[in-house]
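To keep things clear, I will list the structure first and then write my remarks on it.
Residue numbers (full-length UniProt numbering): 1 to 728.
Below is the structure:
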């Protein structure tokens, strides 16, 4: 989106790409005019944006530019300033400082998150458009990251049962030529170079390009790789009432795959169990349980996006976004496995480990178009922000998987001595396990009204209709399967504002997820009395939430919420033969977050969450309820930065997670940990800044993420990262 000075600008129905890159003073002007959403004046600027520092005033993903204070759900926002201060480069880094959300291992090849007890690989968005391909998402071109908690189907569509992550990209600014170049290197030799250049083309038009090159390295043996990404964007005002934004992004990612360590190795006489859970294998902090050269993943992505906005009047506006993406991914790995047979490890002794492996290839084409009509006005004593929208999309995915064959064992499993390094014998990938082509078509219509009743009350109500058609050609088994689902997803909320800067709310929302999983690669047939996914209704998610928000005058924001999230009609693996039983889960919890400025020189982002995640209608062990996997009961974080002088500042961070179970069988427990980070900042000049970030300051041993009982990631030892940024 383009901002020209000296003209009235009105930006409505935001979905992310239209976020204005405002200077601080303009953002404060936006904050003031947003206080009265039903009234307009000739000089107002209505945007979604952020204050100086760590506090955001609104969410780009909600499509209406509504203040976070007036949004009846929990939304955590990580601003660009905080991303830079903490030298955050990946989604996983962000979630370590976000209450109620945690990062999974993702089998060493993708972002995988758990929000309010719900695990997903697909609930990611860019500028409000779904970004569901499995890969590691860079942050080089991102203005802010939004974590929307609870079911969000009314706005974002299927899935999102526990929440979604929306990245908001940087946009061109017509009024100024500006740019920056950053470089960083850490203790392991990993480094990155990034650039951001904004150039006016003419009055009301500008071009912006962001680029990244980085090379990976860490404490794990044989891990390396590199990533290149570039994102040119052009924006223009088409007269007084219309605006156009055109964007292209290319990402090329090539890196090693590391699925971590197995659980501690026991003999058959003492298996991992609910009563006596295993912990992670200790003493192999750096060891790759795979093979150098075999364990790798590559991704090439091309994404083209077009956004158009038009204002019919001061009260009525329209925007549409169309996006096409082409993705090509390879994932090849050898990994440790428990290979369970009758609850007893195949591993014959505590000094050996069993390995498995496969290679997976995916090509995908995504096409999505989305439109929003927004009307803001009054009917009698009621003020309205009425949203009417549609979304249509097509997705074609080709996926093939081949299992490994170890020559020494003539099997996909091999047991090797536990050593450092782990020696893996010759192998190949000749056995076809899956070969599918899936075609997905979806159509959505949604309507929402935010109603203001006097000065103190607001209510919000909306509903979304989704039609979801999936056809799968199972080439390996020679069968065609298909399923159509039609679902309504409602959203309701009520807000009481005892004063302008305080809100108390209650809300209800519902979402669904088709039974083909969040990647929609396959369907299974019904065989005899055993129902396949082709005949199962979608999973459903229902969230009940109450909360309060308080925006202090000095730029400090406090939010707190209580919630209950129910997931139903879920297929849960309950035995070692893989038989599935329809089940569900309930997560009840509490979250609190304090973000902003304690003083003009002191910023803070602190949060805490309590999550009680329980499996429902599932098997119990010795009368004990089974906990949801990868859901720590307690998560707490604190990041604070203090400006010691005009040129020098210091930062300190602490993040804590209590223990969690690796999988739903609750037989492997990941221990609690606390990690301390620190940072120093120095402004060499107005245009040159230097900072030093130290992660894991006390060099603690910890396990930050997990995929299953035998894929447990080890945390990096102490790591120093030096960054230099030059602006112009």
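Where a beta carbon is used, it is the ideal one built from N, C-alpha and C, also for glycine.
If the five residues before and after residue 603 are omitted, its C-beta is found closer than 6 Å to the C-beta atoms of 53, 54, 597, 641, all from its own chain and listed in chain order. Residue 494 is a Cβ neighbour of residue 72, given a cutoff of 8 Å. Residue 357 sits in a strand when the DSSP states are folded into three classes. Contact check for residue 489 against residue 122 fails: the beta carbons are separated by 8 Å or more. Between residue 109 and residue 297, the C-beta gap is smaller than 8 Å, which places the two residues in contact. With a cut-off of 8 Å on Cβ pairs, the segment 493-507 is not in contact with the segment 533-542, counting fewer than three such pairs. Secondary structure at residue 92: helix, using DSSP grouped into helix, strand and coil.
When DSSP states are grouped into helix, strand and coil, residue 616 belongs to the strand group.
Under the Cβ criterion (8 Å, minimum of three pairs), the segment 465-485 does not count as touching the segment 117-131.
For residue 399, DSSP records a beta bridge to 362, 436.
Its Cα nearest to that of residue 180, the residue 196 stands out among 196, 388, 713. In this structure, DSSP gives residue 533 a helical state, which the three-state scheme calls helix.
The three-state reading of DSSP puts residue 155 in helix, counting H, G and I together.
Boundaries of the beta strand (DSSP E) harbouring residue 328: 316-336, taken from the DSSP string. Taking the Cα positions, residue 700 is about 23 Å away from residue 609. Between the beta-carbon of residue 405 and that of residue 438 there is about 27 Å, and that puts the pair past the 8 Å contact cut. The continuous alpha helix (DSSP H) containing residue 82 extends over residues 80-85. For residue 97, no beta strand (DSSP E) run applies, since DSSP gives it neither H nor E. Counting along the chain, residue 305 sits inside the beta strand (DSSP E) bounded by residues 296-311.
In the structure shown, residue 60 falls within a helical segment according to DSSP collapsed to helix, strand and coil. Annotation for residue 470: the continuous beta strand (DSSP E) segment containing it runs 457-474.
Annotation for residue 549: 69, 503, 559 place their beta carbon closer than 6 Å to its own, counting only its chain and skipping 5 residues before and after. Sorting 352, 414, 337, 315 by C-alpha distance to the C-alpha of residue 379 places 315 at the top. Beta-carbon to beta-carbon, residue 450 and residue 64 are separated by about 7 Å, close enough to satisfy the 8 Å threshold.
Residue environment for residue 381: exposed (fewer than 16 other C-beta atoms within 10 angstroms of its C-beta). DSSP places residue 630 outside any beta strand (DSSP E), giving it a letter other than H or E. Inter-segment contact for the segment 308-322 and the segment 253-269 is absent: fewer than three beta-carbon pairs are separated by less than 8 Å. Nearest in C-alpha terms to residue 673, of all of 663, 635, 679, 643, is 635. By alpha-carbon distance to residue 324, the top candidate from 720, 239, 706, 133 is 133.
Selection 651, 586, 393, 625 evaluated against residue 667 yields 625 as nearest (Cα-Cα). One thing to note: residue 632 has its Cβ within 8 Å of the Cβ of residue 660. When only Cα atoms are considered, residue 157 and residue 647 end up about 46 Å apart. In the displayed model, residue 203 falls within coil according to three-state DSSP, outside both helix and strand. Per the C-alpha coordinates, the member of 424, 593, 561 positioned closest to residue 77 is 593. Excluding sequence positions up to five before and after residue 395, its CB lies within less than 6 Å of the CB of 366, 440, all in the same chain and listed in chain order.
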